[in-house]
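The listed protein sequences derive, respectively, from chains A and B.
First residue of the first sequence? That's 6 in this note's numbering, and the numbers climb one at a time after it.
First residue of the second sequence? That's 135 in this note's numbering, and the numbers climb one at a time after it.
Ideal Cβ positions, reconstructed from N, Cα and C, are used throughout, including at glycine.
A quick note: this is a predicted structure, and the numbers were derived from the prediction, not measured.
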Amino acid sequence: MSRRTIIPFGPQHPVLPEPIHLDLVMEDEKVVEAIPSIGFVHRGLEKLVEKKDFIEYIYVAERICGICSFMHGMGYSQAIEQIMNIEVPERAVFLRTIWAEFSRLHSHLLWLGLLADAFGFENLFMNCWRVREKILDIIEETTGGRVIFGSCKVGGVRKDIDPVTLKRIDKLLAELEKEIKDISNVFMNEYTVKRRLVGVGVLSKEDAHVLGAVGPMMRASGIAQDMRNLGYGAYSKLEFEPITRTNGDSYDRCAVRIDELFQSISLIRQAVDKIPEGPVDVKVTGNPDGEYFARLEQPRGEVVYYIKGNGTKFLDRVRVRTPTFANVPALLKLLQGCDFADVPILILTIDPCISCTER
Amino acid sequence: MSSLSKSPWILHYDASSCNGCDIEVLACLTPMYDVERFGIINTGNPKHADIFVVTGSVNEQNIDVIKNLYNQMPDPKVVVAVGICAATGGIFRECYNVMGGIDQVLPVDVYVPGCAARPESIIDGIVKATTILEEKYKKMKESKSLVKKGRV
Numbered sequence: 006m007s008r009r010t011i012i013p014f015g016p017q018h019p020v021l022p023e024p025i026h027l028d029l030v031m032e033d034e035k036v037v038e039a040i041p042s043i044g045f046v047h048r049g050l051e052k053l054v055e056k057k058d059f060i061e062y063i064y065v066a067e068r069i070c071g072i073c074s075f076m077h078g079m080g081y082s083q084a085i086e087q088i089m090n091i092e093v094p095e096r097a098v099f100l101r102t103i104w105a106e107f108s109r110l111h112s113h114l115l116w117l118g119l120l121a122d123a124f125g126f127e128n129l130f131m132n133c134w135r136v137r138e139k140i141l142d143i144i145e146e147t148t149g150g151r152v153i154f155g156s157c158k159v160g161g162v163r164k165d166i167d168p169v170t171l172k173r174i175d176k177l178l179a180e181l182e183k184e185i186k187d188i189s190n191v192f193m194n195e196y197t198v199k200r201r202l203v204g205v206g207v208l209s210k211e212d213a214h215v216l217g218a219v220g221p222m223m224r225a226s227g228i229a230q231d232m233r234n235l236g237y238g239a240y241s242k243l244e245f246e247p248i249t250r251t252n253g254d255s256y257d258r259c260a261v262r263i264d265e266l267f268q269s270i271s272l273i274r275q276a277v278d279k280i281p282e283g284p285v286d287v288k289v290t291g292n293p294d295g296e297y298f299a300r301l302e303q304p305r306g307e308v309v310y311y312i313k314g315n316g317t318k319f320l321d322r323v324r325v326r327t328p329t330f331a332n333v334p335a336l337l338k339l340l341q342g343c344d345f346a347d348v349p350i351l352i353l354t355i356d357p358c359i360s361c362t363e364r
Numbered sequence: 135m136s137s138l139s140k141s142p143w144i145l146h147y148d149a150s151s152c153n154g155c156d157i158e159v160l161a162c163l164t165p166m167y168d169v170e171r172f173g174i175i176n177t178g179n180p181k182h183a184d185i186f187v188v189t190g191s192v193n194e195q196n197i198d199v200i201k202n203l204y205n206q207m208p209d210p211k212v213v214v215a216v217g218i219c220a221a222t223g224g225i226f227r228e229c230y231n232v233m234g235g236i237d238q239v240l241p242v243d244v245y246v247p248g249c250a251a252r253p254e255s256i257i258d259g260i261v262k263a264t265t266i267l268e269e270k271y272k273k274m275k276e277s278k279s280l281v282k283k284g285r286v
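In C-alpha cells form, the structure reads like this:
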C-alpha cells in the first residue's frame with residue numbers, strides 16, 4: 006500500500022470563488038477521502054430575525070445568497086403570505102415567476118462558465134458570461150438591480166413590467182436562445198469537454214436518493230423531482246416537464262442544466278403570454294402568527310423555508326435548508342476514489358453555493 | 135490614471151460576502167467589462183498579486199485566512215474592500231458572527247461602496263488602487279535609495 010498524504014484544498018483556491026476547505030486524503034493520484042470543514046462565510050442570518058422585523062427581513066433573506074437572491078426573497082415572502090393568509094395578486098405571481106426563471110438562466114450560465122474555467126477552457130468561460138450579461142441587462146432594466154433585485158416583497162412585488170418591455174423580452178429571448186444553442190453545442194459535442202466530463206463522478210440513482218441529493222444533481226441520476234411541480238407561483242399554469250438524465254456523471258449534470266436553460270426560456274415565454282392585468286401588490290396588515298414550510302426549486306435544487314411567527318412583528322424562527330447543504334454528502338461520495346485532477350470539476354458539478362450553505 | 139509601469143494582478147477573496155459582490159468581481163473580467171484591457175489579471179496565487187480584493191466582512195473563522203493571504207503578498211500591495219459589507223459589515227453588521235469591515239484586520243486603501251457593488255465601481259476602485267500602488271512603489275524605491283546612500 007502506498008503512503009497516504011493529505012492535501013489541503015481551499016479556502017482560497019483559484020477555481021473556487023467561495024471559501025470551502027477540504028482535506029483530501031490521497032493515495033498517489035487518487036483521493037481516498039475528503040474531509041470538509043466549513044464556516045468561513047457563516048454570518049448568523051437566522052439569528053438576525055430577532056433584530057429585524059418580518060417586513061425588513063426580506064432584505065436579509067435576499068442576501069443569503071447573491072446568485073439565487075430573488076428566489077430566497079420569493080421563498081421567504083411565500084411562507085409569510087401563507088401564515089398571514091395574504092392573497093397575492095395574479096400579476097405579481099406571474100412577475101415573480103418571470104424573475105425567478107431569469108435568475109435561473111443567469112445562475113446556470115454563470116455555472117457553465119465556471120465549469121469551463123475549471124477544466125481550463127477560458128474562451129468558453131468568457132462566452133458564457135458574455136451571454137449572461139444580456140440577461141443581467143434585462144434584469145437591471147426591470148428591477149433596478151443586477152444581482153440583488155430587491156423587487157420581491159411580502160404581499161406582492163415592488164415593480165411592474167410594462168407591456169412594451171414584456172414584448173421586448175420576448176424578442177430578446179429568441180436571440181438568447183440562439184446564443185445559448187451555440188454554447189451548448191460546445192459543451193455537449195466538443196471532444197475535449199467530453200473527455201473531462203463523460204464518466205467522471207458517477208452518482209447512481211440509489212446513492213442520489215439515499216444521500217438526499219437535490220436539484221439537477223438528482224435529476225441527472227434519473228430521479229424526476231422538481232419542486233416547481235408543486236405548483237407554487239405561476240408554475241401550475243405553465244407547461245413543463247422535469248428534465249432528467251440517466252447516467253449521473255458530470256456530463257449529464259451539465260446536460261440537465263443546459264436543458265433547463267431552454268426550459269426556463271420556454272417558461273418565461275409562456276408566462277409573458279399568459280400574464281394577466283391588475284395590481285402588483287396588496288397591503289399587509291397585522292403580524293404573522295403560526296408556522297409554515299415553503300418549498301421552492303432554486304437553480305441548485307430544493308430550498309426549504311421554515312418560518313414560525315408569534316403574533317409580534319419579530320418572528321420566532323427562520324430556518325433555511327439550502328440545496329448545496331443537501332448536496333454536500335453526495336459530493337463527498339463522488340470525491341472518494343476520484344483522480345486529483347478531477348477534484349475541481351466534481352466540486353463544481355454540484356454547483357456549490359457556500360454562502361447559502363453557511364448563511 | 136497616469137500610464138502604468140506594471141500590470142497589477144489582483145487576488146480575490148470572499149471573506150463572508152453573500153456572493154453578490156464576488157460574481158460582480160468575476161463579471162469585471164469577462165467580455166462586457168474586460169479589465170484585462172488595463173493589464174489586470176485575476177490570479178489565484180497571493181505571491182503573484184499586487185492588489186488584494188476582499189468582499190464581505192471579517193469573522194472569527196476567516197480572520198487568519200485574510201491575514202495569511204495578505205502576508206503572503208509581496209510589497210508594495212494595496213487592499214480594496216469591495217461592497218458595503220467589506221467596508222462596515224453592512225446589513226450583516228448586527229449578526230453575532232460578524233466582526234465588522236476588513237479595516238479591522240488590514241489597512242484598507244480603497245473602499246468600493248454598493249450592495250452589491252456594481253462592476254463599474256469595482257473597476258473604478260481598482261484603477262484608483264493602481265495609482266496608490268504606483269505611489270507606494272515610488273516611496274519604497276526612495277527609501278531604498280536613501281538606505282543605499284547611507285542617509286537613513
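- The criterion of a C-beta distance shorter than 8 Å is satisfied by A:Glu307 and A:Val219.
- B:Trp143 is bridged by DSSP to B:Ile175.
- The C-beta of B:Met166 comes closer than 8 Å to at least one C-beta of chain A.
- The Cβ atoms of A:Gly314 and A:Gly295 lie closer than 8 Å to each other.
- When Cβ-Cβ separations below 8 Å define contact, B:Phe226 makes contact with chain A.
- With the criterion set as a beta carbon lying under 7 Å from some beta carbon of chain B, the members of the region 40–53 of chain A are Gly44, Phe45, Val46, His47, Arg48, Gly49, Leu50, Lys52 and Leu53, in sequence order.
- Per DSSP, the beta-bridge partners of B:Phe186 are B:Leu145 and B:Val213.
- Residue environment: A:Ile12 is assigned as exposed (fewer than 16 neighbouring CB atoms within 10 Å of its CB, all protein chains considered).
- For A:Arg135, the nearest CB of chain B lies under 8 Å from its own CB, placing it at the interface with that chain.
- Boundaries for A:Pro334: no beta strand (DSSP E) harbours it, while the alpha helix (DSSP H) harbouring it runs Pro328 to Leu340, taken from the DSSP string.
- DSSP places A:Ser74 within a helical segment (H, G or I) once states are collapsed to three.
- No Cβ of chain B is located within less than 8 Å of the beta carbon of A:Met76.
- A direct Cα-to-Cα measurement between A:Lys288 and A:Ile63 gives close to 16 Å.
- If you check each beta-carbon in the region 227–240 of chain B against every beta-carbon of chain A, the ones closer than 9 Å belong to Glu228, Cys229, Tyr230, Asn231 and Val232.
- Residue environment: A:Phe298 is assigned as exposed (fewer than 16 neighbouring CB atoms within 10 Å of its CB, all protein chains considered).
- Here A:Pro221 is near A:Val261, since their CB atoms are less than 8 Å apart.
- In the assembly as shown, A:Arg233 is a buried residue. Its beta-carbon has 16 or more other beta-carbons within 10 Å.
- Around A:Gly71, the beta-carbon contacts reaching into chain B at under 8 Å are Ser151, Cys152, Asn153, Gly154, Cys155, Asp156, Ile157 and Ala250.
- For A:Gln230, no CB of chain B lies under 8 Å from its own CB, so it is not counted at the interface with that chain.
- In the DSSP assignment, B:Pro241 falls outside any alpha helix (DSSP H), carrying neither H nor E.
- When C-beta distances to chain B are compared with 7 Å, the residues of the region 15–38 of chain A below that value are Pro16, Gln17, His18, Pro19, Pro22, Glu23 and Pro24, in chain order.
- In this model, B:Met233 and B:Thr222 are separated by some 9 Å (Cα to Cα).
- Every beta strand (DSSP E) stretch that sits fully inside the region 276–309 of chain A and reaches 3 residues is listed by chain position as 294–303.
- Close partners of B:Tyr147 in chain A (Cβ separation under 8 Å): Gln17 and Pro24.
- Close CB contacts of A:Gln87 within its chain, under the 8 Å cut and outside five residues either way in sequence, are with Tyr297 and Ala299 (chain order).
- Bounds of any alpha helix (DSSP H) do not take in A:Asp347, whose DSSP letter is neither H nor E.
- Within the region 169–191 of chain B, the residues whose Cβ lies closer than 9 Å to any Cβ of chain A are, in chain order, Asn176, Thr177, Gly178, Asn179, Pro180, Gly190 and Ser191.
- By the C-beta density criterion, B:Lys211 is buried, having at least 16 other C-beta atoms within 10 angstroms.
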